[in-house]
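Using our numbering, the first residue of the sequence shown is number 90, and each one after it goes up by one.
The beta carbon of each residue, even a glycine, is placed where N, CA and C say it ideally should be.
Keep in mind it's a predicted model, so treat the numbers as computed, not measured.
Notes for the one structure printed next.
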Amino acid sequence: MGDIRHDWTREQIREIYERPLLSLVLDAAIVHKEMHTYGEVQISSLLSIKTGGCSEDCAYCPQAARYHTDIKVQALMKVEDVVKSAENAKAGGASRFCMGAAWREVRDNRDFDRVIDMVKEVNKLDMEVCCTLGMLTDYQAERLAEAGLYAYNHNIDTSAEHYSEVITTRTYDDRLDTISNVRKAGISVCSGGIIGLGETDADRIGMLLTLANMPQHPESVPINVLVPVAGTPLGENSRVPFDELVRMIATARLVMPGAAVRLSAGRLELSISEQAMCFMAGANSIFAGDKLLTTPNPEFNSDMEMFRVLGLKPKAAFADGHPKDRVKEVAETVA
Ligand code: SAM
Ligand code: DTB
Ligand code: SF4
Numbered sequence: 090m091g092d093i094r095h096d097w098t099r100e101q102i103r104e105i106y107e108r109p110l111l112s113l114v115l116d117a118a119i120v121h122k123e124m125h126t127y128g129e130v131q132i133s134s135l136l137s138i139k140t141g142g143c144s145e146d147c148a149y150c151p152q153a154a155r156y157h158t159d160i161k162v163q164a165l166m167k168v169e170d171v172v173k174s175a176e177n178a179k180a181g182g183a184s185r186f187c188m189g190a191a192w193r194e195v196r197d198n199r200d201f202d203r204v205i206d207m208v209k210e211v212n213k214l215d216m217e218v219c220c221t222l223g224m225l226t227d228y229q230a231e232r233l234a235e236a237g238l239y240a241y242n243h244n245i246d247t248s249a250e251h252y253s254e255v256i257t258t259r260t261y262d263d264r265l266d267t268i269s270n271v272r273k274a275g276i277s278v279c280s281g282g283i284i285g286l287g288e289t290d291a292d293r294i295g296m297l298l299t300l301a302n303m304p305q306h307p308e309s310v311p312i313n314v315l316v317p318v319a320g321t322p323l324g325e326n327s328r329v330p331f332d333e334l335v336r337m338i339a340t341a342r343l344v345m346p347g348a349a350v351r352l353s354a355g356r357l358e359l360s361i362s363e364q365a366m367c368f369m370a371g372a373n374s375i376f377a378g379d380k381l382l383t384t385p386n387p388e389f390n391s392d393m394e395m396f397r398v399l400g401l402k403p404k405a406a407f408a409d410g411h412p413k414d415r416v417k418e419v420a421e422t423v424a
């Protein structure tokens, strides 16, 4: 039932996506229970280590320099401030700490050296360290891996077909290349997308098809609901209806049974019961902390209340081992 496959056809994913909602949720819940510890939720905390002033034109993003949003541009943070923030996140129950930078790509300069130091320092806290810094070369991915990076987030955002409606300053293939560099370096891959960008159901299915047919599924798949930000081209988009989010999560669960499906941006607008349905449909990860990168997220206390009411348990760091060790294990089994 929860077979891990990489040969999905568009029609097969469409058939799943179009099932009546409650049947779809039940099917996803069965696979979820078979493949994961039901009710266990991985908690990631996000920190924007370099904010705004980005050269890209991602139409959803408040950090693109060309749009007039009211975010405060901030240069790369100091290592010690980042470590303090990671310590707070750990005290709040986060097992993963994700550092985001508003860069198009990583450059081999002193800023990157500082990020490498951040990775080393946060790693000492026994947390899964994650970064999202834009495009990476294979060499940069290796440097991050050597510094102890556990995961790298790089989203495909939408379908290959819809992509150029949203971003023109880099291509879908650029994104896939970075993901493959991350994978080659033995770093856990975190890749998903956004719904609410003006895409069709066929685009949502196309996005899941790309992810599900990767040679290895991303270990984490964030499903973001667009947070419309005034001043961006998509700032007036209407909110994605809740049932469409549930449908997307359940389909992701069924086509990538082993992945952590993350209920990501857009949680602030969801009630506890709506989030409960997302967890039933296979979501088993969230971003916690009162801020995402630049936009608000539910308060710590309200999330703790949700965990209590729903009987959710935070997942421990490194419960799935380290991707590097898994590469070693596979090599040893083969030898
Ligand atoms: N600059 C790097 C990059 O683009 O890869 C890293 C940071 S970027 C903000 C990370 C991801 O956040 C984007 O790929 C996108 O999926 C998501 N994101 C950005 N703005 C968003 C918004 N307004 N609503 C939902 N998701 C958003
Ligand atoms: C992801 O998929 N979602 C996070 C994280 N990866 C980096 C970012 C969401 C950003 C939402 C808009 C903001 O706060 O700026
Ligand atoms: Fe820049 Fe990333 Fe925002 Fe695109 S999503 S504008 S690359 S910060």
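Selection from the options that minimises the alpha carbon distance to residue i
| i | options | result |
| --- | --- | --- |
| L359 | M296, V344, E333 | E333 |
| I93 | D292, G347, A175 | G347 |
| V314 | R232, L300, Q364, T267 | Q364 |
| P311 | G324, V318, V278 | V278 |
| F368 | L401, M393, S174 | L401 |
| G181 | M395, R336, A377, G141 | A377 |
| I276 | S137, P307, R397 | P307 |
Distance cut-off 7 Å: residue i Cβ against heavy atoms of the ligand SF4
| i | result |
| --- | --- |
| A370 | no |
| E145 | yes |
Buried versus exposed, by CB contacts within 10 Å (16 or more), residue i
| i | result |
| --- | --- |
| P151 | buried |
| V423 | A caution first: V423 carries a pLDDT of 45, below 50, which makes its placement in the model too unreliable to give a value. |
| V419 | Residue placement at V419 is flagged as unreliable, the pLDDT there being 46, under the threshold of 50; the coordinate-derived value follows with that caveat. It counts as exposed. |
| A405 | exposed |
| I338 | buried |
| K161 | exposed |
| Q305 | exposed |
| V316 | buried |
| G295 | buried |
| I245 | buried |
| T267 | buried |
CB contact flag (residue i, residue j, <8 Å)
| i | j | result |
| --- | --- | --- |
| A148 | P385 | no |
| R272 | A117 | no |
| I102 | T340 | yes |
| V218 | N212 | yes |
| V344 | W97 | yes |
| V195 | L225 | yes |
| A191 | C143 | yes |
| L382 | G189 | yes |
| A236 | V208 | yes |
| P357 | P387 | This sequence places Leu at residue 357; Pro is not what is there. Yes, these two residues count as a Cβ contact at 8 Å. |
Start and end residues, alpha helix (DSSP H) containing residue i
| i | result |
| --- | --- |
| T226 | Counting along the chain, T226 falls outside any alpha helix (DSSP H), and DSSP gives it neither H nor E. |
| Q101 | 99-106 |
| M124 | 110-124 |
| A349 | Segment 349-352 is the beta strand (DSSP E) holding A349; no alpha helix (DSSP H) there. |
| E176 | 168-180 |
N-terminal and C-terminal residue of the beta strand (DSSP E) that residue i is part of
| i | result |
| --- | --- |
| Y241 | 240-242 |
| F186 | 185-190 |
Any non-hydrogen atom of the ligand SAM within 7 Å of residue i CB
| i | result |
| --- | --- |
| Y261 | no |
| A154 | no |
| V350 | no |
| A354 | yes |
CB contact check: residue i to chain B, cutoff 8 Å
| i | result |
| --- | --- |
| D197 | You won't find chain B in this structure, because it holds only one protein chain. |
Check: residue i C-beta below 7 Å from any heavy atom of the ligand DTB
| i | result |
| --- | --- |
| G285 | no |
| G141 | no |
Heavy atom of the ligand NAD within 7 Å of residue i beta-carbon
| i | result |
| --- | --- |
| T384 | Annotation note on the ligand NAD: not contained in the displayed structure, which lists the ligand SAM, the ligand DTB and the ligand SF4 as its ligands. |
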